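Contents: one structure, followed by commentary.
Protein chains in written order, with our numbering: chain A, 1 to 112; chain B, 1001 to 1145.
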């Protein structure tokens, strides 16, 4: 799974460089997220701007990525594409995560 | 203009992914708007994943076939496999897993049939001659093929 991580002042930004988080990618995604977040900063933001498709297995893997965080760590989501946002809305998982419309507003907030 | 296509694969995770890629290409050719292709692909992905994960045993995957018809405002699909029948010979009721509890209790699955039933106008299942037949219809308002 192609996950790219960037450390900003106070957050770890993980960008998914693949178009799909589906059943065939779910375990690799979850394992990749564990490797990147374990022992990392308290604030983790998952940049989903390049992801155009998430099925229920992918959704489960994103939820699992949050559940496997260390105590005190938080996982936010950012830049959901329309079909991905729809899956979160339909399953009401949009109420479980803090979802940022854009990474720009996030970095402005971090800087301010 | 109506459009029909039929695609088959072995029901493994990578087989399902390849099948969905073929379906997406066919939906583009049929000029289904992008805003609706995602919904149709999600419904089909959930149905096909269920077959790969539950109908067939992990070490003995079998065939799965999808026959789709795009006509007027509807996209209908017949999905057939030769795996185990659905428990109770019926799709489970539409149930949304509870996400109100603490983080450690959040659901990581169980959304598949909820999504299928929520997004489809028709969901029909039949077990015929050792095959599972799942008929799914997605209604696409204001869309003319």
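From the three backbone atoms N, C-alpha and C, an ideal C-beta is built for every residue, glycine too. Remember, it's a predicted structure, so these values are computed and weren't measured experimentally.
Here DSSP, grouped into helix, strand and coil, assigns residue 1138/B to strand. The CB of residue 66/A comes closer than 7 angstroms to the CB of 1103 in chain B, given here in chain order.
The residues 1019, 1022 and 1066, in chain order, have a CB closer than 6 angstroms to that of residue 1007/B in the same chain once the five nearest residues on each side in sequence are set aside. Taking C-alpha positions only, residue 7/A is separated from residue 1097/B by approximately 34 angstroms.
Distances from the CA of residue 1048/B to each of 44/A, 55/A and 49/A were compared; the closest alpha carbon is that of 55/A.
Residue nearest to residue 1060/B within the set 1012/B, 1042/B and 1094/B is 1012/B (criterion: CA-CA distance). Here the alpha carbon of residue 1064/B sits roughly 21 angstroms from the alpha carbon of residue 1003/B. Looking from the CA of residue 1056/B, the closest CA among 1033/B, 1035/B, 1068/B and 1082/B belongs to 1082/B. Going by C-alpha positions, residue 1075/B is about 44 angstroms away from residue 38/A. Neighbours of residue 72/A across chain B, judged by C-beta separation under 7 angstroms, do not exist; the nearest C-beta is about 12 angstroms away.
In the three-state reduction of the DSSP assignment, residue 11/A falls in the strand class, which pools E and B. Around residue 1037/B, the same chain offers 1027 as residues with beta carbons nearer than 6 angstroms, after the five sequence neighbours per side are excluded.
No Cβ of chain B is located within less than 8 angstroms of the beta carbon of residue 89/A. Nearest C-alpha to residue 1050/B among 1114/B, 1130/B, 1024/B and 1072/B: 1114/B.
Of 52/A, 22/A and 20/A, the smallest CA-CA separation from residue 1034/B is found for 52/A. Distance from the CA of residue 94/A to the CA of residue 71/A, rounded to the nearest whole angstrom, comes to 22 angstroms. As DSSP reads the structure, residue 1125/B sits in a beta bridge with 1134/B.
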